[in-house]
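Everything below concerns the one structure shown next.
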Amino acid sequence: MRKDGWTWDETLYEGSATYYAQGRMPYPPAIADTLRTQLQLDSTGRLLDVGCGPGSLTMLLAPLFAETIGIDADEGMIAEAKRRDERAAG
């Protein structure tokens, strides 16, 4: 527990990871094109997606970077992101 009495509730999103991507509106693919152009991304940098959830945005932006890392406080979200990545890799 922190000094101010606040603690992270590890059960906050428990069980929601497999449904998160289904229930949330997908990011529009055009966002990747816009970021590539506006930020002059050339597939050489690194992306750190903090609070990546099941990896929806991370996976969309991954082709714009040489290395992509997603982190999330919820273990279920990370597990779902790994499953989605493995499925996408074929």
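Residue numbers (our numbering): 2 to 91.
Even glycine gets a Cβ: it sits at the ideal position worked out from N, Cα and C.
Have a look at the DSSP bridge pairing and note the partners of residue i.
i, result
"glycine 71", "Asp50"
Return the CA-CA distance between residue i and residue j, expressed in angstroms with no decimal places.
i, j, result
"cysteine 53", "glutamine 41", "23 Å"
"serine 44", "leucine 13", "35 Å"
"tryptophan 9", "aspartate 73", "12 Å"
"lysine 83", "threonine 19", "12 Å"
"alanine 80", "alanine 22", "13 Å"
"aspartate 5", "glutamate 11", "18 Å"
Quick one: using the 10 Å Cβ neighbour count with 16 as the cut-off for buried, is residue i buried or exposed?
i, result
"proline 29", "exposed"
"aspartate 50", "buried"
"glycine 16", "exposed"
"aspartate 75", "buried"
Are residue i and residue j closer than 7 Å when you measure CB to CB?
i, j, result
"proline 55", "methionine 26", "no"
"arginine 47", "leucine 65", "no"
"proline 33", "leucine 58", "As written in the sequence, residue 33 is alanine, which differs from the proline given in the question. Against a cut-off of 7 Å, the Cβ pair of leucine 58 and alanine 33 comes out as no contact."
Using 8 Å for Cβ pairs, my map puts residue i next to residue j. What's the rounded Cβ distance?
i, j, result
"methionine 60", "alanine 89", "6 Å"
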